[in-house]
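Here is the structure we will look at.
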Amino acid sequence: MAGPQVLKHRRTTLERAEKLLSGPGFPDCNLRGRLFGDTCPLVSLSCFQTPQRIPRDEAVRQEFKPVKVGDSFGPTWWTCWFKVELSIPREWVGKEVHLLWESDGEGMVCRDAQPVQGLTKEGEKTSYILTDSLKEAEPHSLTVYVEVACNGLFGAGKGSLIAPPDPDKKFTLHKAELVVFNRDVHELLVDFEILVDMAKVNTSENQRSFQTLYVANQMVNLLDVTDSSTFPAVRHLASSIFRQKNGESQHTIHAMGHCHIDSAWLWPYEESIRKCARSWVTVVHLMENPEFTFVCSQAQQFEWVRNWYPGLYAQIQDYAKEGRFIPVGGTWVEMDGNLPSGESMVRQFLQGQRFFQQQFGKLCSEFWLPDTFGYSAQLPQVMRGCGIRWFLTQKLSWSLVNTFPHSTFFWEGIDGSQVLTHFPPGNSYDLKGRVEEMLKAMNNNKDKGRVNHSAALFGFGDGGGGPTQKMLDRLKRMRDTDGLPRVQMSTPDQFFSMMEKKTQLLTWTGELFLELHNDTYTTQAQIKKGNWECERILHDAEVLSSFALTQKNTFQYPSIKLQYLWRLLLLTQFHDVLPGSCIQLVVEDAMRYYAALVRLRESSRQL
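With the numbering used here applied, the sequence shown corresponds to residues 42 to 648, in that order.
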């Protein structure tokens, strides 16, 4: 009798494959429920709570009290330090072992006195790999610490995302145990996911859609989720799709790992320091993938990590030397694009470029501002004067009325200066590496014919930990698969250098106006007033100091103090602070920084 044939009804066939990808329930008939194998309880779990954000070395000296899964902690903005004592069963030798940790809030694992892994449910990071293959000789018993911030990925808004924080919110520990991670199940899940998405996203009339659906159905026929010996044959079927290559004319996507972190927004500046650490330590772990590249803007955030997490910062510098952890942007923070003065715009680049030159031995060639509320027509002139040739953003895709007509073009400023500009056509700076996103990036390219390349930034932002291993596994399968755009890991230098050769690009002259968030130019007037006043104070302080130096050569020009104060002001010009789109805690921080600058005026009068 003939073997099983693909069902005639498309929807029924799709649902048959999709059920293998459904939630963790029914492990006898789906794959996801078998991602984790054997489990083992922790030896002990205890906790110390504090309203302060304190270093790990200080936290471990405190008194820890026993807690259990299901307990709640808080309130909002507090920190819980968990002491996790564990012992891996001897019979798990040769297996990949994870600490499975699911809790509200944002977490970070510390091992051997160093941060090693960020943990966030929203960022799909709920486990830490203790060992990828347990050895008989390696320690089976150890202690790790988990720091959990009592706030969500987007703060702690009461009732909605941008509502004022709920000061009494509680945060619950839902799961904490040792598990065996079945890597073969993970790989098979990604195979199925890519094929099912290819079948779903492409239209029902598309030949490639039918081919991928047919293969997915064959895979279901072969698979026995209870018998891992059937997995290799199923994966071989999937590879028959991935081995079919594209033609030479196919669109190419330049993928770059990314983790956009607002330096303050729905959380205070101090929490952003930990968001950077949680995310970047996860990125460093992913550097085990040799092709992975990660781009990271905002010199201020590098400075935070340098001061608070020197061990992590040293690792970042090592990968930066390899050209894989890539500082971008050239500015101190991702500032507002309209409200700061021209001098402040220049100082953003001066302080950012100086930092990157001193710390990483290079200047940035690209301005990186994916998320702000419009772009002044003076920016191309400022960029070119600061050594910047390229510009990347995507925010104009949010405009409510008019669709911007280009993805890649030359932006011309008021003096005629031009910068090569790219709006990633995926219309996002936190893609997840999914099939539909890559197809959107290709189909939404507004300069078809002129340009056949685009950039794609992938990874969870705002403390979500950036890219995941699953994202990298998805993109690897889409590297050169017929029916999908080509996808390659890339860098800004590689992408923009190639795009500079496209001589047929068009030019846009003048302001890049965002038709959204218009109230950001009137909200929180005290911040606007404080910014303008402090810009004048710093101007006057520099003029008076220079004048004093000409009058008395023994006068010590206060360059270090002025740099410190400029950096404070530049920090308050972040695109969710100066526009007033942040919570009250951030406004209070900004007003304190302004007060420090106002005190400078009094000391300047004594010169």
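We treat Cβ as the ideally placed atom computed from N, Cα and C, and that holds for glycine.
As the structure is a prediction and not an experimental result, all values here were calculated from the model.
Problem set entry | Extent of the continuous alpha helix (DSSP H) to which R249 belongs | One-based indexing of the sequence shown puts residue 249 at position 208. Q248 to L263 is the extent of the alpha helix (DSSP H) around R249.
For this session: Provide the residue span of the alpha helix (DSSP H) that contains V231, from first to last.
Result: One-based indexing of the sequence shown puts residue 231 at position 190. Taken as a continuous stretch (DSSP letters only), the alpha helix (DSSP H) holding V231 covers R224 to V242.
For this session: Along the beta strand (DSSP E) that carries S600, what are the first and last residues, could you check?
Result: For this step, residue 600 is matched to residue 559 along the sequence shown. Note, S600: premise wrong, no beta strand (DSSP E); alpha helix (DSSP H) at S600 to T613.
Exercise. Taking Cβ positions, are I235 and R518 nearer each other than 8 Å?
Worked result: Position 194 of the sequence shown, counted from the start, is the residue given in the question as residue 235. Position 477 of the sequence shown, counted from the start, is the residue given in the question as residue 518. It is a contact, given that the beta carbons lie within the stated cut-off.
Problem set entry | Cα-Cα separation, F114 to L638 | Residue numbering aside, residue 114 sits at position 73 when the sequence shown is read from its first letter. Residue numbering aside, residue 638 sits at position 597 when the sequence shown is read from its first letter. Rounded to whole angstroms, F114 to L638 spans 38 Å at the Cα level.
Exercise. Contact between the region 122 to 136 and the region 78 to 98: three or more CB pairs below 8 Å?
Worked result: yes
Exercise. Is DSSP giving Q545 helix, strand or coil here?
Worked result: The count along the sequence shown starts at 1 and reaches residue 545 at position 504. Coil, per DSSP.
Exercise. For Q625, does the count of other Cβ atoms within 10 angstroms reach 16, so buried, or fall short, so exposed?
Worked result: Counting from 1 along the sequence shown, the entry for residue 625 is found at position 584. Per the 10 Å Cβ criterion, exposed.
Exercise. In the structure shown, what three-state DSSP assignment does R276 receive?
Worked result: For the purposes of this step, residue 276 is taken as the residue at position 235 of the sequence shown. If DSSP states are grouped into helix, strand and coil, R276 belongs with the helices.
Problem set entry | Environment of L648 [buried if 16+ CB atoms lie within 10 Å] | Start at 1 with the first residue of the sequence shown, and residue 648 comes out as number 607. For L648, the predicted structure reports a pLDDT of 49, less than 50, and the residue's modelled location is therefore unreliable. A value from the coordinates is still provided. Exposed.
For this session: Measure the Cβ-Cβ separation of Y350 and P156 and say whether it is below 8 Å.
Result: What you label residue 350 is simply residue 309 of the sequence shown in a count that begins at 1. What you label residue 156 is simply residue 115 of the sequence shown in a count that begins at 1. Yes, Cβ-Cβ distance for Y350 and P156 is below 8 Å.
Exercise. Can you give the Cα-Cα distance for K60 and N71, rounded to whole angstroms?
Worked result: As a working mapping, residue 60 is identified with position 19 in the sequence shown. As a working mapping, residue 71 is identified with position 30 in the sequence shown. Computed Cα separation, rounded: 6 Å.
For this session: Could you tell me whether the Cβ atoms of E477 and V256 are closer together than 8 Å?
Result: In the sequence shown, residue 477 corresponds to position 436, counting from 1. In the sequence shown, residue 256 corresponds to position 215, counting from 1. Taking 8 Å as the Cβ cut-off, E477 and V256 do not qualify as a contacting pair.
Exercise. Going by Cα to Cα distance, which pick from S182, D630, L525 and Q592 is closest to S250?
Worked result: For the purposes of this step, residue 250 is taken as residue 209 along the sequence shown, with counting starting at 1. Here the closest residue by C-alpha is L525.
For this session: Jot down the residue ranges of each uninterrupted alpha helix (DSSP H) in the region 622 to 648, minimum 4 residues, whole runs only, in chain order.
Result: 625 to 645
For this session: Give the secondary structure of V47 by DSSP, where H, G and I count as helix, E and B as strand, and everything else as coil.
Result: Mapped onto the sequence shown, residue 47 falls at position 6. Because the pLDDT of V47 is 47, which lies under 50, any placement of that residue in the model is unreliable, and the number read from its coordinates should be weighed accordingly. Three-state result, V47: coil.
Exercise. Between the C-alpha atoms of S622 and W306, what's the straight-line distance to the nearest angstrom?
Worked result: For the purposes of this step, residue 622 is taken as residue 581 along the sequence shown, with counting starting at 1. For the purposes of this step, residue 306 is taken as residue 265 along the sequence shown, with counting starting at 1. Spanning the two alpha carbons is a distance of roughly 7 Å.
For this session: On the DSSP bridge assignment, give the partners of H494 in chain order.
Result: Taking the first residue of the sequence shown as 1, we reach residue 494 at position 453. Note: H494 sits in a beta bridge opposite T293.
Problem set entry | Closest Cα partner of Q435 within the set V460, G454, L420 and G415 | Here residue 435 refers to the residue found at position 394 of the sequence shown. It is G415 whose Cα lies nearest to the Cα of Q435.
Exercise. How close, in whole Å, do the beta carbons of V221 and E137 come, if the pair is a contact with beta carbons under 8 Å?
Worked result: Working through the sequence shown from its first residue, we reach residue 221 at position 180. Working through the sequence shown from its first residue, we reach residue 137 at position 96. Between E137 and V221 the Cβ distance is about 7 Å, and since that is below 8 Å, they are a contact.
Exercise. Hey, is the region 383 to 394 in contact with the region 354 to 361, meaning 3+ C-beta pairs nearer than 8 Å?
Worked result: no
For this session: Please specify which runs of the beta strand (DSSP E), each continuous and at least 3 residues long, are wholly inside the region 400 to 462, giving them in chain order.
Result: 407 to 409, 431 to 433 and 449 to 453
Problem set entry | Rounded C-alpha distance that separates P466 from L175 | Walking along the sequence shown from the start, residue 466 turns up at place 425. Walking along the sequence shown from the start, residue 175 turns up at place 134. Between P466 and L175, the C-alpha separation is close to 43 Å.
For this session: Could you name the residues of the same chain whose beta carbon sits closer than 8 Å to that of H50, not counting the 5 residues immediately before and after it, in chain order?
Result: The residue labelled residue 50 in the question sits at position 9 within the sequence shown. Excluding sequence neighbours, H50 sits near nothing in its chain.
Exercise. Taking the alpha carbon of F366 as the point to measure from, which residue in G507, A636, W142 and L609 has its own alpha carbon closest?
Worked result: As a working note, residue 366 is residue 325 in the sequence shown. The shortest C-alpha separation from F366 is found at G507.
Exercise. Under the DSSP definition of a beta bridge, which residues are partnered with P107?
Worked result: If you number the sequence shown from 1, residue 107 lands on position 66. Its beta-bridge partners are S87.
For this session: Starting from the N-terminal side, write out each stretch of the beta strand (DSSP E) that is 3 residues or longer and does not extend beyond the region 551 to 597.
Result: none
Exercise. How many angstroms separate the CA atom of K316 from the CA atom of A636?
Worked result: The residue you call residue 316 lines up with position 275 of the sequence shown. The residue you call residue 636 lines up with position 595 of the sequence shown. About 26 Å.
Problem set entry | Residues near Q103 in its chain [Cβ-Cβ closer than 8 Å; skip 5 each side] | Position 62 of the sequence shown, counting from 1, holds the residue named residue 103. Cβ within range, chain order: F89, T91 and W122.
Problem set entry | Range covered by the alpha helix (DSSP H) that runs through F343 | Taking the sequence shown and counting its residues from 1, one reaches residue 343 at position 302. A340 to W349 is the span of the alpha helix (DSSP H), which, as asked, contains F343.
For this session: Entirely within the region 478 to 543 and at least 4 residues each: give me those alpha helix (DSSP H) ranges in chain order.
Result: 510 to 518 and 533 to 540
Exercise. Does DSSP put W321 in a helix, in a strand, or in coil?
Worked result: Residue mapping note: residue 321 aligns to position 280 of the sequence shown, counting from 1. W321 falls in the helix class under three-state DSSP.
Exercise. For the putative contact between F390 and G371, defined by C-beta atoms under 8 Å, what is the C-beta separation to the nearest angstrom?
Worked result: Within the sequence shown, numbered from 1, the residue matching residue 390 stands at position 349. Within the sequence shown, numbered from 1, the residue matching residue 371 stands at position 330. Right, their Cβ atoms sit about 5 Å apart.
Problem set entry | Run of the beta strand (DSSP E) containing A190, from where it starts to where it stops | Here residue 190 corresponds to residue number 149 of the sequence shown, with the count starting at 1. Where A190 is concerned, the enclosing beta strand (DSSP E) stretches over S182 to A190.
For this session: Check each candidate in L603, F536, S458 and M632 and name the one with the smallest Cα separation from Q565.
Result: The residue given as residue 565 occupies position 524 in the sequence shown. Nearest option by C-alpha distance: M632.
For this session: In angstroms with no decimal places, state the Cα-to-Cα distance between M376 and T244.
Result: Locating residue 376 in the sequence shown gives position 335, counting from the first residue. Locating residue 244 in the sequence shown gives position 203, counting from the first residue. Distance between the alpha carbons of M376 and T244 is about 42 Å.
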